[in-house]
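Number of protein chains: 2
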Amino acid sequence: MENYPGVPSINGFDLAQAMLEQAESCGMETQLVETTALEQDGKAWLVRTAEGEYLARAVIVTAGADYNKLGVPGEERLTGRGVSYCATCDAAFFKGQHVAVVGGGDAAMDEGLFTTRHVDKISVIHRRDRLRASAILQERAFANSKMEFVWNTVVTEILGEEAVTGVRLRNRETGEDSSMDVAAVFIFIGQHPNTDFLRGLVPTDEGGHAVVNDWMETERPGLYVAGDARRNSARQVVSSAGDGATAAIAAEHYLSSNFAA
Amino acid sequence: MENYPGVPSINGFDLAQAMLEQAESCGMETQLVETTALEQDGKAWLVRTAEGEYLARAVIVTAGADYNKLGVPGEERLTGRGVSYCATCDAAFFKGQHVAVVGGGDAAMDEGLFTTRHVDKISVIHRRDRLRASAILQERAFANSKMEFVWNTVVTEILGEEAVTGVRLRNRETGEDSSMDVAAVFIFIGQHPNTDFLRGLVPTDEGGHAVVNDWMETERPGLYVAGDARRNSARQVVSSAGDGATAAIAAEHYLSSNFAA
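Those sequence lines, one after another, are chains A and B.
Quick note: the first sequence uses our numbering, first residue 191, plus one each step.
Quick note: the second sequence uses our numbering, first residue 191, plus one each step.
In structure tokens, the structure reads:
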């Protein structure tokens with residue numbers, strides 16, 4: 191990571207570890223367990239987990255979101271070795287090369303167009319015969335001489351030993367298989383917040399991201415959602431860190447206003 | 191600062207410097223000039239400054255906010271040496287001591303109550319004969335045995351050479367002067383965003399903070415306000431840094447959707 195303000199260059203794991211140790215040194219206690227359900231219990235919240243229950247006056251959900259995966263051979267093994275879900279993060283590693291972009295929505299075009307600053311050629315692999323992206327993004331993508339479009343086609347395998355060397359493709363109309371040499375595969379087929387346990391509890395957008403106000407408050411007292419799991423997150427580490435601080439301040443205020451000290 | 195996630199302990203100046211150098215290494219150019227006016231000019235924005243004009247397609251205002259000052263002798267000189275505008279930041283330095291809190295609103299009570307965790311005694315100095323704070327905060331403050339209230343009284347001077355040793359007070363009813371020994375003075379008489387040049391351009395709250403949406407967008411295309419200058423900022427370094435990243439992403443999207451590359 192090069193874009194977390196104040197820390198010029200660090201890997202994500204080390205940054206997370208530094209944040210964890212810092213918070214623990216201020217008294218935060220950590221339990222690494224999977225939340226299975228969240229239930230309102232009078233003025234408190236019951237958090238059911240795989241290893242017991244917690245009763246809390248306030249809960250800040252920071253469950254994040256995961257990128258949707260293709261689910262094809264090679265994808266998991268080559269992630270970080272040419273398979274990427276973030277062009278802003280990784281496109282610069284493929285200067286002058288030929289890469290694939292998978293997807294046909296706004297994110298695919300937005301990130302694809304960004305990627306043209308670095309690479310020589312982009313093949314956009316899309317399962318349908320037209321894009322879902324907004325008209326202006328489509329126009330810009332079609333006008334870009336570095337971008338070519340491979341329609342009605344899905345990726346069936348990502349090839350490579352140490353790093354990506356190519357993709358296997360299948361045309362959904364003809365059933366024909368083919369392969370293409372590429373140095374990287376950027377996959378933009380959406381993402382899903384890890385918020386199954388919020389279903390029915392708070393309103394979400396159609397993608398499942400919780401609706402919150404400026405203070406990360408849901409419409410249920412004492413329940414906050416911060417970071418990628420909320421609606422309209424900028425999905426950056428620093429914006430999620432800011433969300434967390436905002437939710438903590440709001441929760442502290444809620445506790446001190448509603449419960450005896 | 192101990193509360194910027196990922197950087198366990200740093201002074202504010204060094205953190206700002208690190209962020210500046212990091213952004214400049216990514217190509218950001220900096221001009222340190224005072225903005226005097228901001229005007230819409232067709233699809234662009236004209237930024238008038240003390241040293242010339244800038245024409246920009248998008249402007250992100252991060253002018254911040256300043257705490258209101260008492261404006262009394264000793265205040266400026268002893269800031270950071272016992273004079274503080276942030277109990278969360280500084281209360282722990284005065285463990286077991288007697289401190290003054292100036293103000294009668296929510297912030298004064300909220301921060302005062304927080305401060306009771308650390309200090310032995312708090313004298314709340316308030317210019318009126320009742321608090322402006324919400325009922326529940328008043329109730330909690332009056333119930334706290336560490337808090338005493340000095341009504342109808344203003345601070346006329348903050349005393350101390352190397353560090354705060356006391357305050358000079360004047361009773362507004364009787365005109366009587368007195369002094370009180372305290373180790374610190376926490377001042378909570380509001381804050382004002384540095385947004386004079388936004389007046390009439392975008393809606394603000396009654397304190398002058400610009401109204402923005404989740405993406406830091408004002409209602410004027412291409413004009414963003416991030417950080418303490420916007421409404422409902424959590425006023426933390428990390429939340430403002432997150433706001434800035436969010437505004438930058440929104441501005442990039444605005445530029446690429448509305449202007450030729």
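Cβ coordinates follow ideal geometry from the N, Cα and C atoms, glycine included.
Original post:
Is the CB of Trp235 (chain A) under 8 Å away from at least one CB in chain B?
Top reply: no
**OP:** Leaving out five residues on either side along the sequence, give the residues of the same chain with a beta carbon under 8 Å from the beta carbon of His288 (chain A).
**Re:** Shown here for His288 (chain A): same chain residues with a beta carbon closer than 8 Å to its own, the five before and five after excluded, namely Val309, Asp310, Lys311, Ile312, Ser313, Asp371, Val372 and Ala373 in chain order.
**OP:** Would you please state the rounded distance, in angstroms, between the beta carbons of Asn382 (chain A) and Ala227 (chain A)? I believe it to be under 8 Å.
**Re:** The sequence shown places His at residue 382 (chain A), rather than the Asn named in the question. His382 (chain A) to Ala227 (chain A), Cβ: 18 Å. No contact.
Subject >> Partner residues on chain B for Val197 (chain A), Cβ-Cβ distance less than 7 Å >> reply: Gly196 and Val197
**OP:** Can you give me the start and stop residues for the alpha helix (DSSP H) that Asp296 (chain A) sits inside?
**Re:** Asp296 to Thr305
Original post:
Which chain B residues are close to Met209 (chain A), counting only those with a beta carbon under 7 Å from its beta carbon?
Top reply: Pro195 and Gly196
**OP:** Please classify Pro195 (chain B): is it buried, with 16 or more other beta-carbons within 10 angstroms of its beta-carbon, or exposed?
**Re:** buried
Subject >> Selection of the region 296-314 of chain B by Cβ proximity to chain A, strictly under 8 Å >> reply: Asp300 and Leu303
Subject >> Segment limits, alpha helix (DSSP H) that includes Thr436 (chain B) >> reply: Note, Thr436 (chain B): alpha helix (DSSP H), Val427 to Asn448.
Subject >> Where Leu260 (chain B) sits in the DSSP three-state scheme >> reply: The three-state secondary structure of Leu260 (chain B), taken from DSSP, is coil.
Original post:
Looking at the unbroken alpha helix (DSSP H) that takes in Ile326 (chain A), where does it start and where does it end?
Top reply: Ala325 to Ala333
Subject >> When A:Thr306, A:Ala424, A:Ser324 and A:Arg318 are compared against Asn342 (chain A), the one with the closest alpha-carbon >> reply: A:Arg318
Original post:
Per DSSP, Asn422 (chain A) is paired with what?
Top reply: DSSP, once it has assigned bridges, lists no residue as partnering Asn422 (chain A).
**OP:** Grab me the residues of Phe449 (chain B)'s own chain with a C-beta within less than 7 Å of its C-beta, minus the 5 sequence neighbours each way, in chain order.
**Re:** Around Phe449 (chain B): Arg247.
**OP:** Return the Cβ separation of Glu363 (chain B) and Val262 (chain B) in integer angstroms, given the expectation that the two are a contact with Cβ distance under 8 Å.
**Re:** That belief does not hold up - the Cβ atoms of Glu363 (chain B) and Val262 (chain B) are roughly 19 Å apart, past 8 Å.
Original post:
For chain A, is any of its Cβ atoms less than 8 Å away from the one on Asn201 (chain B)?
Top reply: no
Original post:
Does the region 414-432 of chain B come within contact of the region 271-281 of chain A, defined as at least 3 CB pairs closer than 8 Å?
Top reply: no
Original post:
So which residues on chain A does Gly261 (chain B) lean against when the C-beta distance must stay under 7 Å?
Top reply: What Gly261 (chain B) touches in chain A: nothing, since even the nearest Cβ is about 28 Å away.
Original post:
Would you say Ser447 (chain B) faces chain A, with C-beta separation under 8 Å as the test?
Top reply: Chain A, which has a Cβ nearer than 8 Å to the Cβ of Ser447 (chain B), makes this yes.
Subject >> Distance CB(Val249 (chain A))-CB(Gly412 (chain A)) smaller than 8 Å >> reply: yes
Subject >> Length-filtered (4 minimum) alpha helix (DSSP H) runs lying within the region 311-383 of chain A >> reply: You should have 325-333.
**OP:** Apply the 10 Å Cβ neighbour rule to Glu192 (chain B) and answer buried if 16 or more other Cβ atoms are within range, or exposed otherwise.
**Re:** Exposed: under 16 other Cβ atoms inside 10 Å.
**OP:** Out of B:Glu243, B:Ser274 and B:Arg267, state which residue places its alpha-carbon closest to the alpha-carbon of Asn258 (chain B).
**Re:** B:Ser274
Original post:
So, is Gln221 (chain B) buried or exposed, given that buried needs 16 or more other C-beta atoms within 10 angstroms?
Top reply: exposed
**OP:** Could you tell me which chain B residues have their CB closer than 8 Å to the CB of Gly398 (chain A), listed as they occur along the chain?
**Re:** Neighbours of Gly398 (chain A) on chain B: none; closest Cβ ~17 Å, over 8 Å.
Subject >> Own chain partners of Phe378 (chain A) with C-beta closer than 6 Å, once the 5 adjacent residues on each side are dropped >> reply: Gly293, Ala297, Ala298 and Glu301
Original post:
Does any heavy atom of the ligand FMN sit closer than 7 Å to the C-beta of Ala281 (chain B)?
Top reply: As far as ligands go, the structure on display features none, and thus does not contain the ligand FMN.
Original post:
For Gly398 (chain A), which option in A:Arg410, A:Val291, A:Asn384 and A:Thr408 has the closest C-alpha, if you only look at C-alpha atoms?
Top reply: A:Asn384
**OP:** Could you list which residues in chain A have their beta carbon closer than 7 Å to that of Ser429 (chain B), in chain order?
**Re:** Gly432, Ala435 and Thr436
Original post:
Within 8 Å (strictly less), CB to CB, does Gln426 (chain B) reach chain A?
Top reply: At a cut-off of 8 Å between beta-carbon atoms, Gln426 (chain B) makes contact with chain A.
Subject >> Bridge partner(s) assigned by DSSP for Thr239 (chain A) >> reply: A:Thr225 and A:Gly242
**OP:** Within its chain, find whatever has a CB closer than 6 Å to the CB of Ala437 (chain B); leave out the 5 residues flanking it on each side and keep chain order.
**Re:** Ile250, Met406, Tyr414 and Ala416
Original post:
Considering Ala147 (chain B), what are the terminal residues of the beta strand (DSSP E) in which it resides?
Top reply: Since the first and last residues shown for chain B are 191 and 451, residue 147 (chain B) lies out of range.
Subject >> Cβ separation of Gly350 (chain B) and Ser369 (chain B), assumed to be a contact under 8 Å, to the nearest whole Å >> reply: Not quite, the Cβ-Cβ distance comes to about 12 Å (not below 8 Å), so this is no contact.
Subject >> Members of the region 378-412 of chain B near chain A, C-beta cut-off 7 Å >> reply: Asp404 and Trp405
**OP:** Using a Cβ cut-off of 8 Å (strictly closer), state whether Gln328 (chain B) contacts chain A.
**Re:** no
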